[in-house]
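Engineer: Once you've had a glance at the structure underneath, I'll fire off some questions.
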Amino acid sequence: MACRLKIEENGRLEEDIEPVLAGKADILKKNGTIVGACIKSEKGKVFSIDYFGIKEKYRNQGLGTAFIKEYEKLAKSRGFTRIETRVEKGNTKAINFWQNKVKWSKDGEVDGQWIFYKDL
Numbered sequence: 008m009a010c011r012l013k014i015e016e017n018g019r020l021e022e023d024i025e026p027v028l029a030g031k032a033d034i035l036k037k038n039g040t041i042v043g044a045c046i047k048s049e050k051g052k053v054f055s056i057d058y059f060g061i062k063e064k065y066r067n068q069g070l071g072t073a074f075i076k077e078y079e080k081l082a083k084s085r086g087f088t089r090i091e092t093r094v095e096k097g098n099t100k101a102i103n104f105w106q107n108k109v110k111w112s113k114d115g116e117v118d119g120q121w122i123f124y125k126d127l
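Counting from 1 along the sequence shown, just add 7 to a position and that's the residue number in my numbering.
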């Protein structure tokens with residue numbers, strides 16, 4: 008995914024998301040510093056986020072939400088009908104992020120992990 012995003016003073020993205028690992032992962036940089044990463048995969052019509060993280064000191068600035076919204080747009084533009092991720096049941100910060108920040112729905116559990124998704 009080659010995206011040009013911007014991080015303005017109000018916390019919106021303004022840095023590059025750079026593809027790494029043969030296009031399976033992307034990193035988010037702010038002022039040249041890596042602040043987040045995402046590993047993704049595709050399964051049929053489902054776009055999966057296998058790993059997602061923003062460094063602690065860069066959280067709650069809207070970066071993660073904007074990063075995920077870009078993935079939603081990308082997945083939809085490529086014909087995927089669903090985007091999903093899995094979260095460990097005890098990871099309350101991540102659960103809050105997926106439910107309350109990006110507004111994804113919970114769709115059951117697998118191996119002690121909640122499945123969060125959005126239909127596209």
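Glycine included, each C-beta is placed from N, C-alpha and C at the ideal position.
If we ignore side chains and look at the alpha-carbon of each, how far apart do E116 and E95 end up?
Structural biologist: Translated into positions along the sequence shown, residue 116 becomes position 109. Translated into positions along the sequence shown, residue 95 becomes position 88. The alpha-carbon atoms of E116 and E95 are separated by roughly 9 Å.
Engineer: Would you call T92 buried or exposed, if buried means 16 or more other Cβ atoms sit within 10 Å of its Cβ?
Structural biologist: The sequence position of residue 92 within the sequence shown is 85, counting from 1. The residue is buried, with at least 16 neighbouring Cβ atoms inside 10 Å.
Engineer: Based on DSSP bridge pairs, tell me the residues matched to S48.
Structural biologist: As a first step, residue 48 is located in the sequence shown; it is residue number 41 there, counting from the start. According to DSSP, S48 bridges with S55.
Engineer: Compute the distance between the beta-carbons of A44 and G69, then report whether it is under 8 Å.
Structural biologist: As a first step, residue 44 must be located in the sequence shown, where it is residue number 37. As a first step, residue 69 must be located in the sequence shown, where it is residue number 62. Going by C-beta atoms, A44 is not nearer than 8 Å to G69.
Engineer: Thinking F74 and V53 are a contact (beta carbons under 8 Å), I'd like their distance in whole angstroms, please.
Structural biologist: The residue labelled residue 74 in the question sits at position 67 within the sequence shown. The residue labelled residue 53 in the question sits at position 46 within the sequence shown. Not quite, the Cβ-Cβ distance comes to about 19 Å (not below 8 Å), so this is no contact.
Engineer: Could you pull out every residue in the same chain whose Cβ sits closer than 7 Å to the Cβ of D57, ignoring the five residues on either side in sequence?
Structural biologist: Position 50 of the sequence shown holds residue 57. Correct list, in chain order: I46, K47, S48.
Engineer: Quick check on G97: buried or exposed, where buried means 16 or more other Cβ atoms within 10 Å of its Cβ?
Structural biologist: Walking along the sequence shown from the start, residue 97 turns up at place 90. Exposed.
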